[in-house]
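With this note's numbering as the guide, the letters of the sequence shown map in order to residues 1079 to 1333.
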Amino acid sequence: MNLSGKVAIVTGGNSGIGLSIVLELAKQGANIVIDYVAHPEATDDLVKQVIALGDQAIGVKADVSKVDDLKLLIAAAVEKFGRVDVMVNNAGVETRTSVLDTTEAQYEKVLAINLKSAFFGTQLAAQQMIKQGGGGRIINITSVHEDWPMPGNTAYCLSKGGMRMLTRTAGVELAPHNILVVGVGPGAVATPINLSTMNDPVLLGKLNAAIPMGRMAKPEEIGSVVAFLAGPGAAYITATTIFADGGIMQSSPGL
Ligand code: BGC
C-alpha cells in the first residue's frame, strides 16, 4: 500500500467528497484525522469504516474557518499520531447567489470556509511538516471554477480562484522543503453540495448534457485522485491543479 504509516488530515471529512477522500486514503494504508463540524454520528461511522480497512482514525470537531480551531486540529493529529504527512483542505460551501445580491454574511462565510481555511490549513500543516522534517503533501480541493466562471455563484468562484493561486504560490514557496502543494479540481460530483440539482430532473438533465462524459462524478472518482497525489507516484507534481471533471470545463458554462 502506497500510504502505509502516513498520517492524513481531511477537513470536512465526514461527508461528500471529503468522505471519499478519507476512504481512498485509508485504502492505501494511511491513518486519518477526520475533521467535521456537524453530524458526529456520521464521523463515528466513518471512523469504524477506516478501522475495518485496517487503519486508525479519529474524528475531531473543528470549524476550519477559524484559525484557532485549525490549530487544535493539527495538534490533535500530532498528539494522536505524532506527525502530519498529508493535509487535505477539502471543506467547502457554496451559496449560489449572484454578484448582484450576495450579502456580506454570505460572502464572508464562503470565503472563510473555502479559502481562509485552506490558507491557514496550508500554513499550519507546512509549519508542522517543516518541524518534523521529510516533506509532505498539501492537497487543496478546488473546482473547475477556480478558473471557469459560474454565473450565479460568484463568491464560490472567487474562493476557488483564490485557492488556485494559494496552490501555485505556496507550492513555489514550499518546494524547497519538499512540501508539494497541489489542487484537485472536480467538476460536478454527486454529493450533498449538489443535492438541489440532483433532485431537479430538468437541471440534472441539462448538467449531464453539458458534461462530455454524460454524468456527474462519483465521489470516489475524486478521492482516488487525492490518494494518487498523496502517494509516491506523484512525487514531482506541485504548484498546479489536476482536474477531474469528465471534460465539462472544455464544453459549456457552469450549471
Ligand atoms: C460546484 C457545482 C457545479 C459544478 C460544475 C462545482 O464546483 O460545486 O455546483 O455544478 O462545479 O459546474
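Virtual Cβ for every residue (Gly too), placed ideally from N, Cα, C.
Tell me, please, which residues DSSP counts as bridged to residue i.
| i | result |
| --- | --- |
| I1112 | V1088, G1137 |
| R1161 | Per DSSP, none; premise fails for R1161. |
| N1218 | N1167, G1261 |
| V1267 | A1295 |
| I1320 | V1262 |
Going along the chain, which residues of its own chain have a beta-carbon closer than 8 Å to the beta-carbon of residue i, five neighbours each way excluded?
| i | result |
| --- | --- |
| Y1185 | A1233 |
| D1122 | G1137 |
| P1310 | N1080 |
| L1285 | A1266, T1275, M1294, L1333 |
| H1117 | N1092, S1093 |
Near residue i, which residues of its chain fall below 7 Å by C-beta distance, leaving aside the five closest residues on each side in sequence?
| i | result |
| --- | --- |
| F1321 | V1222, G1263, M1327 |
| E1172 | V1188, N1231, Y1234, I1271 |
| S1176 | G1230, T1232 |
| M1291 | G1324, G1325 |
| L1282 | T1275, M1276 |
Quick one, which of the options has its alpha-carbon nearest residue i's?
| i | options | result |
| --- | --- | --- |
| V1115 | G1211, G1239, Q1206, L1148 | L1148 |
| A1108 | K1187, P1279, N1218, F1306 | F1306 |
| V1303 | Q1206, A1266, V1260, G1091 | V1260 |
| A1154 | G1132, T1089, D1179 | T1089 |
| V1085 | A1120, V1128, E1119 | V1128 |
| A1317 | E1251, M1079, D1133, I1110 | E1251 |
| I1110 | K1126, A1313, S1237 | K1126 |
| L1097 | E1299, A1313, S1329 | E1299 |
| G1160 | V1145, A1120, K1209, K1194 | K1209 |
| A1313 | L1178, P1118, A1253 | A1253 |
| R1174 | Q1206, S1237, V1145 | S1237 |
| I1099 | T1319, G1301, S1329 | G1301 |
| G1132 | L1178, G1083, T1220 | G1083 |
| K1194 | I1289, L1178, L1244 | L1244 |
| T1319 | K1158, T1220, D1278, L1178 | T1220 |
Look at the Cβ atom of residue i, then the Cβ atom of residue j, and state whether they are nearer than 8 Å.
| i | j | result |
| --- | --- | --- |
| P1297 | I1087 | no |
| G1211 | G1265 | no |
| I1315 | I1257 | no |
| R1246 | E1224 | no |
| D1163 | G1091 | no |
| A1308 | L1103 | yes |
| S1143 | A1190 | yes |
| L1081 | Q1106 | yes |
| M1165 | A1203 | yes |
| S1093 | A1120 | yes |
| Q1206 | V1145 | no |
Quick one: residues in its chain with C-beta nearer than 6 Å to the C-beta of residue i, no 5 flanking neighbours on either side, listed in chain order?
| i | result |
| --- | --- |
| A1248 | T1200, V1259 |
| N1167 | T1089, A1196, G1199, N1218 |
| L1151 | D1113, V1138, A1140 |
| G1239 | E1224 |
| T1180 | A1233 |
| G1170 | N1192 |
| Q1134 | N1109 |
| K1158 | I1136 |
Tell me whether residue i counts as near ligand 2, meaning its Cβ is closer than 7 Å to at least one heavy atom of that ligand.
| i | result |
| --- | --- |
| I1271 | No copy of ligand 2 appears in this structure; the ligands present are ligand 1. |
At least one CB of chain C closer than 8 Å to the CB of residue i: is that the case?
| i | result |
| --- | --- |
| N1256 | Included in the structure is just one protein chain, with no chain C present. |
Quiz item: Can you give, in chain order, each stretch of the alpha helix (DSSP H) that sits fully within the region 1270-1301 and has at least 4 residues?
Solution: Uninterrupted alpha helix (DSSP H) stretches at least 4 residues long and entirely within the region 1270-1301 occur at 1273-1276, 1279-1288, given in chain order.
Quiz item: Unbroken beta strand (DSSP E) runs of length 3 or more, entirely within the region 1200-1244: which are they?
Solution: With a minimum length of 3 residues, the continuous beta strand (DSSP E) runs that stay inside the region 1200-1244 are 1214-1219.
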